[in-house]
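Residue numbers (numbering that gives the first Met the number 0), protein chains in the order written: chain A, 0 to 302; chain B, 0 to 302; chain C, 0 to 302; chain D, 0 to 302; chain E, 0 to 302.
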Amino acid sequence: MILRPRPHWVHLLFVRRGSLVPRILSQQLFIFALSCAVVLLHGQLFHWKVTLTATPFSLMGVAFAIFLGFRINASYDRYWEARKLWGAVLVEARNLARQALNLATPRDTQRAFVLGLVGFATAMRNQLRARPRDTDLAGLLPMDLVERVRTARFAPALILLWLGEWLRERRTAGELDAIAAQQMEQSLNDLSGALGGCERIANTPLPFTYSVILHRSAYFYCMLLPFGLVDSIGIMTPLIVCFVSYTFFALEALSDEIDDPFGTMPNDLALDALVAGIDASLREMLGEPLPPAPVPDANYLLT
Amino acid sequence: MILRPRPHWVHLLFVRRGSLVPRILSQQLFIFALSCAVVLLHGQLFHWKVTLTATPFSLMGVAFAIFLGFRINASYDRYWEARKLWGAVLVEARNLARQALNLATPRDTQRAFVLGLVGFATAMRNQLRARPRDTDLAGLLPMDLVERVRTARFAPALILLWLGEWLRERRTAGELDAIAAQQMEQSLNDLSGALGGCERIANTPLPFTYSVILHRSAYFYCMLLPFGLVDSIGIMTPLIVCFVSYTFFALEALSDEIDDPFGTMPNDLALDALVAGIDASLREMLGEPLPPAPVPDANYLLT
Amino acid sequence: MILRPRPHWVHLLFVRRGSLVPRILSQQLFIFALSCAVVLLHGQLFHWKVTLTATPFSLMGVAFAIFLGFRINASYDRYWEARKLWGAVLVEARNLARQALNLATPRDTQRAFVLGLVGFATAMRNQLRARPRDTDLAGLLPMDLVERVRTARFAPALILLWLGEWLRERRTAGELDAIAAQQMEQSLNDLSGALGGCERIANTPLPFTYSVILHRSAYFYCMLLPFGLVDSIGIMTPLIVCFVSYTFFALEALSDEIDDPFGTMPNDLALDALVAGIDASLREMLGEPLPPAPVPDANYLLT
Amino acid sequence: MILRPRPHWVHLLFVRRGSLVPRILSQQLFIFALSCAVVLLHGQLFHWKVTLTATPFSLMGVAFAIFLGFRINASYDRYWEARKLWGAVLVEARNLARQALNLATPRDTQRAFVLGLVGFATAMRNQLRARPRDTDLAGLLPMDLVERVRTARFAPALILLWLGEWLRERRTAGELDAIAAQQMEQSLNDLSGALGGCERIANTPLPFTYSVILHRSAYFYCMLLPFGLVDSIGIMTPLIVCFVSYTFFALEALSDEIDDPFGTMPNDLALDALVAGIDASLREMLGEPLPPAPVPDANYLLT
Amino acid sequence: MILRPRPHWVHLLFVRRGSLVPRILSQQLFIFALSCAVVLLHGQLFHWKVTLTATPFSLMGVAFAIFLGFRINASYDRYWEARKLWGAVLVEARNLARQALNLATPRDTQRAFVLGLVGFATAMRNQLRARPRDTDLAGLLPMDLVERVRTARFAPALILLWLGEWLRERRTAGELDAIAAQQMEQSLNDLSGALGGCERIANTPLPFTYSVILHRSAYFYCMLLPFGLVDSIGIMTPLIVCFVSYTFFALEALSDEIDDPFGTMPNDLALDALVAGIDASLREMLGEPLPPAPVPDANYLLT
């Protein structure tokens, strides 16, 4: 995630970080070269004049903008839903910790449970980012559970099972009544719901065909555009075509980036910082010293 | 569902799988032939000049794009809601399994319940895909229930009834207190809600009239378009008309495809893989060996 | 509701059922006659030339399309919310039936409750479609309740009251513990919520002023359009004007139709079929023989 | 709320009630006079020709329509959310009444509680419409509570407090078990949620700046429009400008009206009728005679 | 938040407060100067004619308006969700107060809890506005808790922990049964959810890249526009360009303002007034005298 104070409006025109320019540079250069060639040749291809005017482009441009607008909308909804689900993990972890800390259970046992919640969030991040299943888990979960998790396909679900066992033991020990146990089980269900929601977003992309249609429309549109503009705006064609194609290509690339919000591209969610935040909040509730809060790096990136 | 890594931007322009070209080929060829004929005849029909300019097309084009944009939006909402409901089946199945595995019930009895949850998901897929009601159910449910399901109209609802009976038996056996029973009943209610939601999407299409109006607008628009463009862009008419009609026809076909997301067309939901994922996750919680995860076939299709 | 397999794309261009053509025929004929008159008179009214060009129409056309798009969106949301509420009735009726059938209550008593749920759905349909309050209720509810319902203003709420009394009797008889009773009360609350939601949609139309403004914009637009087009496209004017006005009028008429989704127009919800589905699903859970499933009539209509 | 059967399409073009014409008449007359002046002066201001063409208006028109479309959408969402919250009041009042009537409590005590629910809805309307806090409350609530409510700032919250006390008394009297009490408390929470939601809509308008920007865009656009059109459509300018400005001004005025849906303008919610409906439904459940249902007045208005 | 009665339509055209003119003045002056220069030089740059027409601007203008429309929508959704979350704090605080006041607990103890709820809301505001953690907390919370909060990173979560301890003490003292305790814990969970939601909105801005792309499109568009218009509308160019750029720049600035709705800019949420409202409502329930309601200042601003 890019986290920086909003620069001055002039500065914002020239900022390079977060502008996606590097990612779409080859496409842009291709379109620019094509536009220049069209201007030099006065729109002729092999001595044959390409008879295009701006008319069809205004027909197509609006339609395409509407469809691209929908794509951005759908991508952003996925991004924001993913963020909401991680927010729910923080909220439910806090709720479970609050209730566990108010039980008449030995402090050590409480602490194991609270750290287990951090372990759940960590394992969920590992699964979503396809890291080794047991990254950063040592110290948060019992050794035998870490072992089991190392080779599991659905590791966070196993940790939820373990958290459920902890509750049953408290219940058997008479430290937890049936009603409070139900409520904590409900919070486990909500954690399970957040996990399932993230798996859904990670496993089900936007329909591939939709991306194909939009991609083709955008590229053919920008490739034909210089032929349509050269007769009316002449030498300004490359500038305008690059401007239009930058907007379209960059928005398409951004949609593609936030479509799968669990990746590590600049605009993806900062899962590491989210896990660190959950860790810090629960440790503060335990009364333990806090690790420093994660800060964006020199490129304003938070991973 | 088409599941493939995003190809290079050049490759994406020419990819054939998932481009819907085969499905709309006849329409496209018809429009292309019509455009060529219009160019050859200079827009004359039986020696009578069709007096169309691009003006009315820009009027209609934007309106039509807005209405088509709405249709895509509504179709995608149906698709995504269906996916959410299947996600809820996974989540609630895991929750029920977690709670069942934490009961003081013999392992065999627990296993019957957990596999019954897989049976519910399987029967739900069978109903939504109109397969024989008992496909793949043997081994997951008791024989007499499979028998009953074979001829049932609402098979998954009967399996929920059976799961409810299992809970009552645990309750009678004193292995489950009233509070925990209520919570598990609640999860059954949520499974029932997911089932009802999928039945709703499957049984209630988008208003048919809406499809008719949009279909007509799209086709008449594209059929008249060559007459409107031939005077200004001449020989480029077929290219532009095919480009416009590809975008409109393909988006309409895609909307039609994801409208009913439970089918087996390329962009529909991969129900088989979803059921396999539920099966694997519950078996992992049982500590049993896992079947291999389903992978897309050579055409990147996951069914 | 119109329920038909999607016809071939050529067929879909000429289908008459569900095209709303009959409903907007008089408007369309008026616009067509006006366009022809304008062409014949070369845009002159009483020897005075109406000086309109296409320019203002492209200004207004897009704005109008956006506002109409919003209207369609809002109407469809009402339609789909209504469908969701009826889906909730099915789901909660199944949940209540499942829980009632798992009680240690005599079968006859259980059956009275389950049929009472069908009675609730039937009474809800009667209220929403303004049919006599007791249509089809005989055999589903006790005679004295049918009597009370016959003259009631809010009949389904009275049936919920009766279902609540049934629960209290089970509780008094010791067949239902407090926790399970609470959960079934919750399902009654959800039925009550679905009822209230449907009453809300039925009683609160879209703001009338909105319909007036859109209606006027659409009609004045189409009436002025021939004057704007006749100079540039001449004899093609009537065709184009009819095409534009068909799209606008038909979409406005469709919005008007699904606005109030409980009516009996072709695109309204098939409440009779929904009630029959609830009836069949509950009877299957009771183990009773099922009535045949409702099928669309020769016009593909399901009421 | 305007509640009338949909008039014939011809009639709808000329209907005056609900068309907002009176409210925006002065603006419309101003724009009409300006247009006529522009036509008479051939677009010259003090012998200086205003060099405007239609081009910039098509640039601005679409952008403005999109922003206005968003405003309408946001206003309608507020309107519909407010309606949903009032629907929730009806539903929860019915639920509480159903559960209270099924208690083993003397009829009189039950009746006091049920009428107290009507009192809550009445007090909520009084607060939202800024009427004297105790309007219509006599006979619904105990005298001392009416006294307290008269000078309260948040009257409905005090009535909820009283309803909670009633529950506690039932519980102390042994007529209500802990579980059922919890469920009724939950319904009180939901009433509290509906109250809080309505307060939120009433106290937080759409950002004022947004209204300012849109208002300015609309008015400057319509004031400049005659200069842009006079050269191409001449004497038709006033007609077209009035048409465009009617659509824009009326939609802006309508948005402004339904923005704050609790007022008493024609398109606002019919809070009086809603309260009367809650009153009638609860009295029917009590088995008491019903007051006549509220009907729209001669102007089709329901307050 | 700007809270003022809607001015007369003429007045609204010239209002300065809330028009964002001061904030975007430098940009506007730059664009105005550029336009004037273009008019004076007849579109020539260093004796070289910039060959731009209005055509590409209509292509880009619509696309840009659609993308800006989406941005406004997303920003407003964040604003409104934040307002809903604060509404939930009010509702749940009232619910908890109602239930606490109905317990058989000494009045003083009840009062400490109710004021603790106000303390939670105050601490939440302090965190969101980055004020010293303990601002205004004295008198609302016990001294040692204020001490702990002063140096905490997640202060409101610690206050929730303390509220949970209060509940446990009531439970241990036998003043609260398990069921009612669960319900109050649920309300604490909902407060925790509102807190987590606000942290989510505060910590996760809209993707930075999206702002960059839109900002660039808006500014390049407005800088090039005078070259495109000067040939057709001549001396009117600066007026029209300023009008277009005011709409685009002001909407972009407004989106930027309500994106982060917890700030102290004019259109941000009035957190101080919201906290004061929660304080007043809870004190009214306690039967204590109320502080005066916060009113907007001379500039109609409520902080």
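Glycine residues also receive a C-beta, built at the ideal position from the N, C-alpha and C atoms.
Which residues of chain B have a Cβ atom closer than 8 Å to the Cβ of L228(C), listed in chain order? T54 and P55
CB contact check: F242(C) to chain B, cutoff 8 Å: yes
Suppose contacts are defined by Cβ-Cβ distances below 8 Å. Is D258(E) in contact with S74(E) by that definition? yes
Who does Q43(B) pair with in a DSSP beta bridge? Its beta-bridge partners are K48(B).
DSSP state of A324(D) mapped onto helix, strand, coil: With chain D running from 0 to 302 in the structure shown, residue 324(D) is simply not present.
Where does L102(C) fall in DSSP's three states? Coil.
For chain C, is any of its Cβ atoms less than 8 Å away from the one on R132(B)? no
Neighbourhood of S186(B) by C-beta distance below 8 Å, restricted to the same chain and skipping five residues each side: E91, N94, L95 and Q98
Name the chain A residues whose beta carbon is nearer than 8 Å to that of N101(E)? Result: empty, since nearest Cβ-Cβ is about 19 Å, beyond 8 Å.
Could you confirm whether any beta carbon from chain B is found closer than 8 Å to the beta carbon of Y209(A)? The Cβ of Y209(A) sits closer than 8 Å to at least one Cβ of chain B.
Residue interval of the alpha helix (DSSP H) (run including F153(E)): Note, F153(E): premise wrong, no alpha helix (DSSP H); not H, not E.
Here's the rule I'm using: 16 or more other beta-carbon atoms within 10 Å means buried, otherwise exposed. How should Q182(D) be labelled? Counting other Cβ atoms within 10 Å of its Cβ, Q182(D) reaches 16 or more and is therefore classed as buried.
DSSP three-state label for I23(D), please. coil
State the DSSP-derived secondary structure class of L300(C), mapped to helix, strand or coil. strand
Do you know whose CA, among A156(E), L175(E) and V20(E), lies nearest P105(E)'s CA? L175(E)
Using the Cα positions of S216(E) and Y220(D), report the straight-line distance between them to the nearest angstrom. 22 Å
By how many angstroms is the C-alpha of L11(D) removed from the C-alpha of F226(A)? 48 Å
If you measure between the beta carbons of I65(B) and A64(C), is that distance less than 8 Å? yes
Confirm, please, whether the CB-CB distance from G17(C) to F313(B) is below 8 Å. A question about residue 313(B) goes unanswered here, because the residues of chain B that appear run from 0 up to 302.
Using a Cβ-Cβ cutoff of 7 Å, what residues of the segment 105–120 of chain C are near chain B? List them in chain order. none
Any beta carbon of chain B sitting closer than 8 Å to that of I65(A)? yes
Sort out for me which residues DSSP pairs I1(E) with in a bridge. L300(E)
Which value, in whole angstroms, describes the spacing of the CA atoms of T203(B) and A292(C)? 15 Å
Who are the neighbours of D323(C) on chain B, taking C-beta pairs under 8 Å? Nothing in the structure corresponds to residue 323(C), since chain C is present only between 0 and 302.
Put H7(A) into one of helix, strand or coil per three-state DSSP. coil
Apart from the five residues on each side of it in sequence, which residues of its chain come closer than 7 Å, Cβ to Cβ, to L33(D)? Excluding positions up to five away in sequence, the list reads M222 and P225.
Between M59(A) and W79(B), what straight-line distance do the alpha-carbon atoms span, to the nearest angstrom? Approximately 28 Å, taken between the alpha carbons.
Grab the span of the alpha helix (DSSP H) containing S18(E) for me, first residue to last. Element bounds for S18(E): n/a, residue is neither H nor E.
In whole angstroms, what separates the C-alpha of E146(A) from that of F153(A)? Rounded to whole angstroms, E146(A) to F153(A) spans 14 Å at the Cα level.
Within chain E, the residues that Y218(A) reaches when beta carbons sit closer than 7 Å: What Y218(A) touches in chain E: nothing, since even the nearest Cβ is about 15 Å away.
Beta-carbon gap between A269(B) and T302(B) smaller than 8 Å: yes
Roughly how many angstroms separate the alpha carbons of A53(B) and L51(C), rounded to a whole number? A straight line joining the alpha-carbon of A53(B) with that of L51(C) spans about 17 Å.
Return helix, strand or coil for T246(E), following the three-state DSSP convention. DSSP places T246(E) in the helix class (H, G or I) of the three-state scheme.
Any Cβ of chain C within less than 8 Å of the Cβ of S191(B)? Yes, S191(B) counts as interfacial toward chain C.
Would you check if the distance between the CB atom of E256(B) and the CB atom of N101(C) is smaller than 8 Å? The Cβ atoms of E256(B) and N101(C) do not sit closer than 8 Å to each other.
Just verifying my parser: in three-state terms, what is the DSSP assignment at R306(E)? The structure shown has nothing for residue 306(E), since chain E only spans 0 to 302.
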